[in-house]
C-alpha cells in the first residue's frame, strides 16, 4: 500500500500471540493466518503481529504498544485453567482494572463442569472489569473483549469459533481485492522492471512478487499479486501487466 | 522460565518476519517456527517474534526495537530483485550506513545470471556497509549479517539453507531439555493444582499445559511440558509429576 491509499484504508488491527510453546518451536502458530484471513474478509487491515512468551511484563508491554496504535488487537492463548495461563491478569493490569469473577462466566463454567468445577477451572471466570464475554461454543470457557482488545483461546479450533462471535462487533472497511498472475519459465528478476513501472504508475495499488521453484528441478516462475480496494483498478492493472509481459515474450496468465 | 532461571539463560534472539503476504493471510509463515527450532538446538532463547509489512518505516522501527533489546535478530523476507524488496534499504537506514554494491555479492550474482544480469537483479548485490554475506546455496543471491542482525530470504527453503551458514557465527547456550507427559481422559482443569504445586516447587523449570481433543468426539486430555536447562531436574520433575497424578487416579504417561 502506498501513502495515497492510506486515506481509503479500513480499520487497522494487530495480533498478539501469547505462548512459550510458539517461541520454543514446539507449536507452529496458525492463529495469525486465520485471523489475517478473517480480517481481510472484513476489510480490516492487519498491520502487525507479535509473539510473546507467557511472561506478565512482556504481555502487558506488547498489549499497551499495540492497543494504543491500532484500532483492534486480537490476542490468542493463555486463558485456560493452569498456572501458566496469565493473559487475563496481564490484560487487567494493562487496563488498570480489577479481575473479578464475571457472573455469566461463572454460570457458564459451573453448568459445564458441575461437580468438577474446581478452583483451577474457576480461574477462567475471572474477567477484567468492564469486559464483555466472547462465546466459546467448543468448550464453553469464554474469551472476552475489553476496549479494543479481544482476548481469545490459543487452541485453533476454539479461537476460530470465537471469531464468529467477535465479527459483528467490528467496524468493517472496504475489502481489498487481489488478483494473482502466474509467470512461468523465468525468475522474478526478469519481470522486476515491468512490475516496478506498474507500481509507480498505479500508486493506489500494491504489487507483490513471490517466486517459486527456485533452484529445483521443474518449473520456475513467480506469482505476481496485485491488491487494492478498487476492483476495477485491480482488474485493469492485471490486464495491462499481462499485455506488457507478453509483449516481452514472457509466459504469464491469470492464476 | 522463572526469574531464578534467567541467570543461566543462553543468548537471546528475536525474529522479524517482513512481508505483506503474511499479514494479508495469503501466506502462512513457517520461518518463525523453523528459526525457533534452530535456536532451541543451539541453546539460544527466542524471546519474541514480529511480523511487519513491506514498509520502510515499520521495518526500521521494529529492527531498532529488537536489535537493541536482544542478542540476535533474524529477519526473513524482502531481499529479492523487485521493487517491494526493501529490507536491505531499511537495514542500512536502521544502522545509519550506506548501501553499496558488495564486490563478492556482485561476483556471485554476475556468475549466476550471466547475460541475464540486469539492473533489477543487481539490486540484490547491495549490502549495507560493514555487512558480511550469508551464503545461499539454493539460488545464490546472498543474505547478510550486520552487527547482531541476520538478514535472510523469505522463501522457506532458502531461509533454512541460510541458517546453516549462520549457525557457526552464533554464541550458543545450554540447551533447554523438554519432557512431555500425556494426560488422558481428563481436561487440564483436573491437573492444574498438581501442576501449579510442581511449578512452585521447582522454580528453575517451566511447566506448560496444552489440552487436546476439546469438545470433540474421542480422546480428551492435555500434554504437560516440563522444560529446563538441567536434564536431571527435568527428569526428576517428570518422575514426581507422574507419581502424583497417578496417586489421584489420573491416566498419565511419558509421551
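Protein chains in written order, with the numbering used here: chain A, 1 to 255; chain B, 1001 to 1255.
Virtual Cβ for every residue (Gly too), placed ideally from N, Cα, C.
Of all residues in the region 155–166 of chain A, the ones placed with a Cβ closer than 8 Å to any Cβ belonging to chain B are 155, 157, 158, in chain order.
In the DSSP assignment, residue 1150 (chain B) forms a beta bridge with B:1074, B:1145.
Among the CB atoms of chain B, none fall inside 9 Å of the CB of residue 244 (chain A). For residue 1121 (chain B), the enclosing alpha helix (DSSP H) covers residues 1119–1122. Taking 9 Å as the cut-off, the Cβ atoms of residue 1224 (chain B) and residue 1208 (chain B) count as close. One alpha carbon belongs to residue 1037 (chain B), the other to residue 1149 (chain B), and they sit about 18 Å apart. The shortest C-alpha to C-alpha distance from residue 118 (chain A) to any of B:1191, B:1041, B:1057, B:1060 is the one to B:1191. Of the candidates B:1146, B:1180, B:1201, B:1227, B:1146 places its Cα closest to the Cα of residue 1067 (chain B). For residue 56 (chain A), no CB of chain B lies under 9 Å from its own CB, so it is not counted at the interface with that chain. Listed as beta-bridge partners of residue 68 (chain A) by DSSP are no residues whatsoever. The distance from the Cβ of residue 100 (chain A) to that of residue 129 (chain A) is about 6 Å, consistent with a contact at the 8 Å cut-off. Under the three-state reduction of DSSP, residue 1022 (chain B) is assigned to helix. Around the C-beta of residue 1021 (chain B), 16 or more other C-beta atoms lie within 10 Å, and the residue is accordingly described as buried. At a cut-off of 9 Å, the C-beta of residue 183 (chain A) has no neighbouring C-beta in chain B. Any Cβ of chain A closer than 9 Å to the Cβ of residue 1076 (chain B) would place that residue at the interface, and such an atom is absent. The three-state reading of DSSP puts residue 1027 (chain B) in coil, since its state is none of H, G, I, E or B. Residue state for residue 56 (chain A) is assigned as helix, using DSSP reduced to three classes. Rounded to whole angstroms, the separation of the alpha carbons of residue 1040 (chain B) and residue 174 (chain A) is 42 Å.
Residue 83 (chain A) sits buried, since 16 or more C-beta atoms from the chains shown fall within 10 Å of its C-beta.
In summary, residue 57 (chain A) is exposed, with fewer than 16 beta-carbon neighbours lying within 10 Å of its beta-carbon over all protein chains present. When the five nearest sequence neighbours on each side are left out, the beta carbons in the same chain lying within less than 6 Å of the beta carbon of residue 49 (chain A) are those of 15, 32, in order along the chain.
The region 1202–1240 of chain B contains no complete alpha helix (DSSP H) run of 4 or more residues. Here the region 1238–1251 of chain B lies against the region 1183–1202 of chain B, with 3 or more beta-carbon pairs under 8 Å apart. Residues of the region 1011–1036 of chain B with a C-beta less than 9 Å from any C-beta of chain A: 1015, 1017, 1019, 1020, 1021, 1022, 1023, 1024, 1025, 1026, 1027, 1028, 1029, 1030, 1032, 1033, 1034, 1035, 1036, listed in chain order.
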